[in-house]
Every structure is written in C-alpha cells, then in structure tokens.
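Trainee: Protein chains in written order, with the working numbering: chain A, 3 to 310; chain B, 3 to 346; chain C, 308 to 848.
A virtual CB, placed ideally from N, CA and C, is assigned to each residue, including glycine.
None of these values were measured; they are calculated from a predicted model.
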Amino acid sequence: MLTLIRGSGCEVVEVDKSKVRKGMLSSLIPGLSSLSQRGLAGWLVVLGFIMVTSIVVVTAISPWVVPYNPSQINVGRPLLSPNSQFLFGTNNMGQDVFSRVLSGGGIMLEVSILSVMICLLIGVPIGLLSSYVGGIFDRFLCLIMDSIYAFPGLVLAIAIAAMLGRGVTNMAISIAVVYVPSYFRVIRSQVLSIKEMPYVEAAKAAGAKGRTVLSRYIFPNVVPSIVVVATVNFADAILTAAGLTFIGLGVPVDIPDWGWDLTNGSRLLSSGAWWVIAYPGLMIILLALGFTLMGEGLSEMANPRLRE
Amino acid sequence: MTLRTYVISRILLTIPMIFILFTMVFLVIRVLPGDPVLLHFEKQENPAAMERMRHRLGLDKPLWIQYLDYVAGIFRGDLGESMVDYSPVAQQIISAFPATLELAIFSMVIAVSIGIFFGVEASKGYGKTRDNVIRVFGIVTYAIPVFFLGMVLQMVFGLGLHWFPVESRFPHGVDLPSGLAVGGVHFSTGLYTIDSLLEGNVYKFVVTLRGLALPSLTLGLVLSGVFIRLTRSNMFETLQLDYVTAARARGLSETSVTYGYALRNAFLPVLTMMGLQFATLLGGAILTETTFSWFGLGRYIVDRISSRDYTAIQGAVVFFGIFVSFVSLVVDLLYAYLDPRIRL
Amino acid sequence: MRCLIVVAMTVLFISACMLTLQFECKSARAGFDSLLVLGTTDSVETCLDPARAYDYFGWEIIQSLGCGLVEYKAGATGSIADIDPSLATSWSVSDDGLVWTFNLRQGVHYDDGTEFNATHVKYTFDRGIGIADADGAFVGIGYDGIINNVTVSEKYVVKFYLKIPFAAFLSLMACQASYIVDPAHAPMTSVVEYTVGDARASHPMGLGPYTLTNWTRTAGRDSEIRLQANPNYWNNASGYPKTKNMIITFYANSAGLALAIKNQEIDIAFRQLGATDINDMKTNTNLKVWEGTGAVIQYLVLQEKYAPFNNTIIRRAVGAAINRTTIVDTVFLGQAQKLYSMIPIGMFGHTDAFLALGDPNYTKTTELLAPLGYNATHKLSFKLWYETSGHYLSSPEQALVLKSSLEASGVISVTLDSADWASYGTHRRNEDMEAYVMGWYPDYIDPDDYIQPFLDSSGGSWIHHNYNNSQMDKLIAWARGNTTADARSSLYSQIQNLMVQDCPMIPTFQGSAYAVTTLKIKGVYLDITQSWRHWLVYAEE
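#1: May I ask which residues mark the beginning and end of the beta strand (DSSP E) holding A643 (chain C)?
#2: Taking a Cβ distance cut-off of 9 Å, strictly less, list which residues of the segment 498–517 of chain C are near chain B, in chain order.
#3: Alpha carbon to alpha carbon, how far is V67 (chain A) from M95 (chain A)?
#4: When you compare only the Cα positions, how much space is there between L122 (chain A) and G209 (chain A)?
#5: On the CB-based measure, 16 or more other CB atoms within 10 Å of its CB, does G11 (chain A) come out buried or exposed?
#6: Taking Cβ positions only, does L346 (chain B) come closer than 8 Å to chain A?
#7: What residue ranges within the segment 384–465 of chain C form continuous beta strand (DSSP E) runs of no fewer than 3 residues, ordered along the chain?
#8: What do you get for V184 (chain B), buried or exposed, if any count of 16 or more other CB atoms within 10 angstroms of its CB means buried?
#9: Give the straight-line distance between the Cα atoms of A820 (chain C) and M745 (chain C), rounded to the nearest whole angstrom.
#10: Compute the beta-carbon to beta-carbon distance between V603 (chain C) and G818 (chain C), rounded to the nearest angstrom, for a pair I have assumed lies under 8 Å.
#11: My guess is that L411 (chain C) and L394 (chain C) are in contact by the Cβ rule of under 8 Å, so how many angstroms apart are they, rounded?
#12: Should R533 (chain C) go down as buried or exposed, given a rule of 16 or more other Cβ atoms within 10 Å for buried?
#13: Who are the Cβ neighbours of E291 (chain B) in its own chain at under 6 Å, not counting the five residues just before and after it?
#14: Can a CB atom of chain B be found closer than 8 Å to the CB of I57 (chain A)?
#15: Counting only Cβ pairs nearer than 7 Å, list the residues of chain B close to T849 (chain C).
#16: What does the alpha-carbon distance come out to for the pair I112 (chain B) and P511 (chain C)?
#17: Ignoring anything shorter than 4 residues, give me the alpha helix (DSSP H) runs that lie fully in the segment 41–80 of chain A, in order along the chain.
#18: Note down the Cα distance separating W522 (chain C) from R507 (chain C), rounded to an integer number of angstroms.
#19: Hey, is A287 (chain B) close to the ligand NAP, as in C-beta under 7 Å from one of its heavy atoms?
#20: Expressed to the nearest angstrom, what Euclidean distance is found between the alpha-carbon atoms of T55 (chain A) and V103 (chain A)?
#21: With 8 Å set as the bound, which would you pick, yes or no: does the beta-carbon of V1 (chain A) sit closer than that to a beta-carbon of chain C?
#22: Mind checking which residues open and close the alpha helix (DSSP H) that includes F108 (chain B)?
#23: Against chain B, which members of the segment 149–161 of chain A pass a CB distance test of less than 7 Å?
#24: Which residues mark the beginning and the end of the beta strand (DSSP E) in which N552 (chain C) is found?
#25: Applying a beta-carbon distance threshold of less than 7 Å, which residues of chain B neighbour S768 (chain C)?
#26: Taking only beta-carbon positions, decide if S268 (chain A) is within less than 8 Å of chain B.
#27: Over what stretch of residues does the alpha helix (DSSP H) that includes H57 (chain B) continue unbroken?
#28: Taking DSSP as the reference, what is the three-state secondary structure of R524 (chain C)?
#29: For the 8 Å Cβ check, are there 3 or more pairs between the segment 349–359 of chain C and the segment 82–91 of chain B?
#30: If you reduce the DSSP assignment to three classes, tell me which class H188 (chain B) lands in.
#31: What are the boundary residues of the alpha helix (DSSP H) that P127 (chain A) is part of?
#32: Could you pull out every unbroken alpha helix (DSSP H) segment of at least 4 residues lying fully inside the segment 689–770 of chain C, listed in chain order?
#33: Alpha carbon to alpha carbon, how far is P64 (chain B) from R58 (chain B)?
#34: Among the candidates C:G653, C:E848, C:N804, C:Y361, whose CA atom is the shortest distance from the CA of D442 (chain C)?
#35: Within 8 Å, do at least three Cβ pairs link the segment 140–150 of chain B to the segment 226–241 of chain B?
#36: With which residues is I849 (chain C) paired in a DSSP beta bridge?
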C-alpha cells in the first residue's frame, strides 16, 4: 500500500560505501547469464519482468482477443459462476469477467507508468539539485518533503484526486505528489555520501563544473537506487489506484478497469459471487508482485552484501 | 549536545513542520471543487439561508482570518466545529482515534512478530530453500491490496468458519469496556483492550481481541514483509560478526546466540523501521477500517473529505501530524538510548 | 519447541473466540425482556431536533421519540383517508382553505408530568419558524410561506391560519418536521444538538412511543442508539410500542450489514442492502425479505441553457430512447419499478404519462432527430454525468445502462463523466452538465412534493436546469391550493402531460423498499410514507 512502502523505499536502499563505484550502471543491464549467476536475485528480476511484460502484452492485444466486449452489459445472465461459455463468469451487470480481466489492466498500467514518469521528471532533479547545492535551499526543501512525507499518503492522494477530478492523469499526479518525497530522500542520502568521495573531490579540484560533476559522477551512481524506488513506486501506484477507485475517484464506468471490478466485486462478495472480485484481484496482485519482485531482485543485485 | 537539548530542539523543529502541514491542508482543501455550504442544501436553494449557513461556517471571512482563527484555536486545543453536524471536531477525533491506534498497535505487533520470527529463520540458511520461501512469502504478502486480503479473511474466517466477527470492533448490544472507575473519577483510554482489563472484565477482553484479530492480521500480514526482509538482512550481518563467533566458541547454544546476542543488535534498525512504519500505518489503516467497518480516524478523514468538512479535515491532519511527530521523537530517543554508538 | 508454543496459543485463542460467540448472543440480550436489534447503514446527519433535522434517518428516530398532530396509518397509500389521529383527535378546515382547526387529545403527559395542550403546539411551530435553521425543513419546505400564525383557541384547540390555501396541509402535519417538541427540553431560540453521554439532553422530543436511553456517536457517525418504551405514550393502552427495547446498531456499508443479518447477529436489517444481497437472501430459509413501495425516485435531468438540450424536440427524442426495463432488471435485479411520472406509483395523482414517449421507442427517436440532421453517421452526442459517492443507489451502474440504452438507438452517442457528490453539486450549480442523474425522496406525502420542487420555475430553481413554463407554474399553483380531490387529480394529469411535452427531465425508476428480518419478526410495514415504525415491530416466539 502506498503508505506502507515509502518507509521501505528508504530501507531497501542503504548506502554501502564500499560498493559505490563509477559505472555501476553496467552491472544492472540484465544479461541472462550474469543474472543467473546472481542466484535468487537474478531469478526474481527475470520472473518479475516476465510477469509485468505478459500483463502489458495481454492488455495491449486484448481488443482483438476478448471473446466479448468487456463493457457491454447483459452478454450473459448476471452473476453466472465460471462455466464453459464465460470462463470467469459474469458480474452483476451481465458483463463477461474474463474479457474484463484481459482488458482491465490498461488503467492501472497507465496510472503507474505516468506517475513514475512524473516522479522521475520532478523528483529526481529536485533531489539531485537540493542535496548537491545544500544550504538554506536544501533545508527548506527537506522541511517541505518531510511534511508531505508525514502526511498519511492515501489521504493526500485522495484529497488531490478529489481536487483535480477523476481520471488517469489526475490519479497519476496525486500518486506522484505523494511519492516524490521518497525519491527525494533516497537520492539525497545517496548524493550526500557520494559528494564526499575522493574522486568527486578530485574532479572538482581539477576544475569540473557543478553540472559536469552531477551528470558524470553523481547521477550514474544514484541510478540504481532510483530504479529500485521506481519499481516500488510502480507497485504502490497500482495498489493506490485500486484504492482511489474504491473510494469513487476512478475512471468512468464504461472503461474496463480492475479497480472498478474490485470495488463492485466487494459488494457482491456477501452474496457469494466470489469470481467477480477474485480474478481481477489476482491480476492486480500479479502486476504489483511483478514490479516488487523486480525491485527486490535489482536491489539485491545493486547491493550484494551477502556473499557466502 | 545533551539529551535535554536534543529533545527540545526536536520539539522545536516539529512546530514549523506541523505548520507547513496545516497550511498545505488548509489550501488544498479549499481548492477542492465542491462547497461545504452547498452540501447543506440538497433539496432546495434558499439564498438567504445559504448566506446564513456561510456565516455560520465562518466561510464568509477572508481567507487569512480563517487561517489565523484556526491556528489560534489549535493552541487553545479547540479544533473547531464540524461543518457537517456542528459537533466539536476535537471530540469527534478523540472518539475516532483510539480505534485506529489500537488497530495500528496490534498490526505492528503482529507484523514485527511475524517479521522477526521468519526473518531469523530465513537468516539461518542463506540461499537455502527455507530462506527463499520465506523471502518470497514476504514479497507476496506485500503486493496484496489490503482490502482484498481483508475480504478474503472475512470470507474464510468470518463468514465461513465463524471464528471471528466479520465487521465492527465490538459486538453490538454489549456495553463497551468502561475502564477504571475509582470513586467518582472515570478513566478510560478508548483502547478497548486496556479498558476491559482496567474494568476487570475478561469476557470483554477476549471479545475485543476477537474483533481485533482479522483487521490486525490483515494489516500485519501486509506489513510483515518489510520486517522479514529487514530482520533477515540485519541478522546475516550480525551473525557473521566476531563476537557471535566467539559466543559460539564459548559453547552457548544456537538459540541463545541467535536470540540473545545477534537479535538484540539487529533489533535497532527494526525499531527505527517500526517508528517509520507506525506513522504510515496510521494512514494505511483507512482501507482496513473500511473493509471491517471500524469507525476510526482514517475513515473519519476520508468521510470528511467527501463532505468537504474543512474544519474536521484540518483538525484531523493537525492531530495526526502532532501524533506522528511524537511517535518519531519517542522512537529516535529510544534508538539513541539503546545504541551505545550514538552519543548525544 | 517454540513452534509448539505458538501453535498451542493460537488454538487456545481460537477456542476462546468460539466460546465467546456462544456467550455473546446470550449476554447481549440479558437484562432486556422484549428486545430487538436493528441494523442499518444510515446515520443521523445533524441532530434529532425537528427544527433542523432534514435527513431520512434523523426523521426515523424523531418519529419514535415524538408525535405529530396526525400520522399516516401503517400500510398507507398516501391518500387523505390514510391519515389517522395522533395528538389531534379531530380536525376541520375552513371553506377558503386558510384556517385549519385541530382538537387535541387530552390526558397526554410529558415525562415531567406537564399535560400536553395547545400551547405546546404553538410553541413548536413558533420555534421552528422562528429559528429558521438553514439546514432545516422549516426553511427547506417553506413553512413560513405557508403558515401565517398558530393560535391557541382553547386549552385543547389549536388553529393554524395559512397564507395560501394548501391542500397538502395534513400531509405536512404528518411529517416529522411538524412533530411536537417538549418545551422543557427545547429552548425557543436554539437547536438541540448531540451531547456526549447525555441522551436526554440530545433531543427536544417527548410524547412518542419511545424514549432515548443511549445515543453514541463515534468519529462523527452513529455507533449506537437505544430506545426504551415511553410509559407516557398516549397509545400505550393498545399495546404500543410492541417491543419495549430497541437497539439500533450501525454498519459502515451494505456488505457489513448483509453479513450481519445473514449471521443473525441482528434481528432486522433496513437500509441499505444491495440488490444482489437481497436476491440472495430471498433464497435463504432462515431469513424473511419484506418488500414494499418505495417513495424514492430517480430521474435524468437535461440542461436547457445551451445546446443540445435547449431544443425541446431533442429532449423528447432522448426521452424516447430510455429503456427502463434494462435499468430495473440489470441494475436493480427487479427490485425497482419502471417510472413514467415524477409522481411515484401508488400515490394519488400518478399517471404513466411518459409511456407516451415509448419505453423505448427508437423509431420515434430517429424520426425526431432526422430533420435536425442527426443520423447514424452524424450522431447526437452529449455527456452524461453521475455521482460516485454512493449518495444515490448504484449511480455508476445506472449511467452505464442509460448509455447503452441511448446508444442502442443508433443515432445517439453518450460519453460518461462523473464527480463525487460534493463536486457534483458544484457542477449542478454551475450548470455545466448537459445531462445528469438525480434522485429524490419525499418531505411530505403529496404529489405537490414531487412536482413543485421540479417543474415550478422558482421551486425548481435549485436543480439549475433552466426550465421555465408559466403555464406549468399556474397549473402547479392551482393544484397546490385546491382542496377538492377530483380537481387536483385532473390538474396533476394536465401537469404530467405538459411535462412529457416539455420533457425537462425524464423519470426512470422508483426504488422499492426492502427490509430483511429473521423469521420470527412481525409488524413490518413498508409503505409509501417510507417511515420505519419501530413501535409496530415485534418478535413472535
């Protein structure tokens, strides 16, 4: 959940000074052979990547593959349990759950990708700049970020989404706003330690400008942490998008969306129609899981501290 | 820097943070589309009545006066009147908070217990099956949407097996735990577990635990993954250190080495994490409270956002911010106290 | 070893839980003879003072704590014949319809021993009109536009002098805003609000079948209400209230309520259960589903300020393309009725006026739209709005069905948009929604309450749909003032036909009322008044 992950965003990426070196980027490029050498960590990344990609592919080709129009009502009698005609049954409006499962990931994916992009575009530069420049500017930004961070995440997301109105972009923005402090914190802790490294000092002494130092020396070393936080961000964005839809701030009801199925299905559970919520719920779990696995694996690879 | 200076400086730092938080909320909710005045007029619109309502809610004053009025109120402990039913917000928050707090505490207890137990078990064999299974378990529970897990537990254990109630914090119709009544003085915390013990009523205590079981298990499970991973990685490092090898060499049993020596040192980061997660846990309780029909602070805030109840939202956020800072401070102090490496 | 301890403790804990489950049912009931537990998802919105309360649930409780001059008999259909004496034993109206005289019941006492008389009636109405609380029904319905003054004619006779002849006056007196307060607990100039820990100080009522023994609110919502039989109730002799103690418990959502009644943790579940849950419970042999007339209606509003709905023909074309059968069957699983008039089915004056447009009649839609240039290649397109806060039942589903029904005509294309309830209201005020779904539940039981607030140019201004028809205004004013049933009936018929001509809004369905109880419960009446009469319900062993 949104509010729970932010702590782990900091925890997962602890700075191990002895492991920071130039050009760490290369260690992250997934080549299968180098991955399998990394043991479980490598497999986690591969597995997560496969999960995410398959869902993306399925959602992309869904318009051509779905047996029924996912938004059309009464394609079958309402609340049919899974059978041969409707693989996952139908919901209370007579819509085919299987078709909705195939095509419903679009919103989740859009929201999470968009929110990560916003975070990267805004959070990363702010984090880099603030921690590098330091001084009053840094302290001020820290205070603001801490305040946002102290705010219950889901509540803030709800407030912003309510303010902006419903829709994919607005959900993404609200999630991004809540998440930027996490990026800020993580980047800042990395930059603060890298700043003091001898080779950075050397570069500065040799007359390198701030911009160069930031882009050539600091940024590449911060990238692994950013990647890890980004994957966690992805997973969280999906869960928060589901949460926002639960509260009524989702997309209009004629667009297939797992979040809406979850909300709708939760009301049908008490009468025994478990399939309406089970399958979309499972898909959300798989998608979030895929990203989390990637994050776990990447984090372990970036900071391999447990060599046996 | 002495402990006293540290505490004072931390408290002083908290104040501007709360103010920034409050200002943010103050502005954000007023930008929200939707007029709290209009919400009182669902079935008709009488302009004179609407003006009177606007005045009653204090919304006809200039923005900066509304801001200062509220700030002055905070210092007095007066968080204003709800714009929905005109009840004192402070009173509503105090009635809502214990539920969220109790849920958070028990969820944390469950999360940490599961986390430490499995983290230790995993650390005993790096790379082996047990370790991998536990790691995967930690990751998977993390990815499950809280309300989904809650509903699954409700169905299985509540409706299916009838072991636990499916909703509500306390059975309807039974008198609530009343706490301690000494002479004419009545003391209750609002935390039903404590209140029922103070009252000396074991039945109510068990019933409270029963009501707490599913919600705190839901939230605790989802949270446990973080603690499993943390404990596991810290235990690895600690178990390789010299003094642990020395203890083993002295002939101490594996159990005392693990739980006696290594865990104590791996515990510190767990403590920090508890502090961090506790604050966010309070916010994350919203969906759990909704799924299990608990009337806590999370649901209160969400309800009030829907009703554009400015005073209630402001009050709840300020209260929450103060509480979170307090918890942070306590955790940091505890950390400083327990870690001999930190000398203030 | 450690594992064993953990397992043992868990087993112990679970057995303790199961044991307490047995205990619980008994201990909750212990100490109460004659007790029923009712579960609901409602909550008192502001307070229990008729001078301010204007919400369904607030009125439900006020009705158990107080009495009005008259009341509707259980199973009422809304006609004048269904009005029974309550605190007034008989009444009459002057020929010009401007003076209503009520003879009051004697020998009725408040809880402090004071005998009820005409001064208390005057006090109640002077207070309500004087406070003129912005939230309240006195302002909302406009009591001060109807009542000129209230006079104590004799000790047990009270006269109402009206400003305009108002045919629905008795219905107005039967609604909870007109319930008589206890002056000892109702200050003249201020509203009585919820007081923590003090139930008596939290409401100004008296004389009703029950007294309030406990009212607890947590986090701004009700968590428990306890009612106990009032020994001073005027109808005690007939055995009312039938159940001496009522506990009302509150649930956050319909799923919780449904589970609670299925688990038989409560005796009665009333408002709001989802349609699928109700269907499911109909097949449950341990539960009884009660069904009754609803008075809640829903309708589609069309904004006349700008295109496309500033054109009457287009409005009628859209009206002809609505498939009410799908709404009723798909969204509500048959638990609603197709509605062809703003006046609900079962109420005096109702005619199926909108059936004239068809249900649906896509040919008519195509014919009407063709001359305007709309056809299969150039469709009439507009945005349909719905609210997402659950303020109305199943708004998203309704919107989906409306969209599919309108698009089935082949010449209309609908985009859906939504907003939460607060923003929805702002959009309505700003008049920027082309078509939007709205609902209504009655204040008083009379066709006037379903016509004037919508079709009258001033009465309907709150909807902001910019509908003005002076002919309609005249008809409404006549129907309002005329006390002859026949004349009113004919007028309302004309009004409904004119409405179909102008088509400012299209009624879609009327929700039925449902309650689910355990098998031994009797005395449940779900009638057009929408009142839940606690004092009639009892358990038969």
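Mentor: To lay it out plainly:
#1: 643–645
#2: V498, E500, Y501, V503
#3: 21 Å
#4: 29 Å
#5: Because G11 (chain A) carries a pLDDT of 31, less than 50, the predicted location of this residue cannot be relied on, and the following value inherits that uncertainty. The residue is buried, with at least 16 neighbouring Cβ atoms inside 10 Å.
#6: Unreliable placement is indicated for L346 (chain B), whose pLDDT of 46 sits below 50; the coordinate value is still reported in the next sentence. So no, L346 (chain B) is outside the interface.
#7: 390–392, 395–400, 406–411, 454–461
#8: exposed
#9: 18 Å
#10: 4 Å
#11: 6 Å
#12: buried
#13: G298, G300, R301
#14: no
#15: Outside the shown range of chain C (308 to 848) lies residue 849 (chain C), about which nothing can therefore be said.
#16: 47 Å
#17: 42–67
#18: 9 Å
#19: Annotation note on the ligand NAP: not contained in the displayed structure, which lists no ligands.
#20: 16 Å
#21: Residue 1 (chain A) falls outside the range modelled here, since chain A spans only 3 to 310, and no answer is possible.
#22: 91–125
#23: S149, A152, F153, P154, G155, L156, V157, I160, A161
#24: 552–557
#25: E47
#26: yes
#27: 49–58
#28: strand
#29: yes
#30: strand
#31: 107–135
#32: 702–714, 728–737, 755–762
#33: 14 Å
#34: C:Y361
#35: yes
#36: No information on residue 849 (chain C) is available, as it lies outside the stretch 308 to 848 that chain C covers here.
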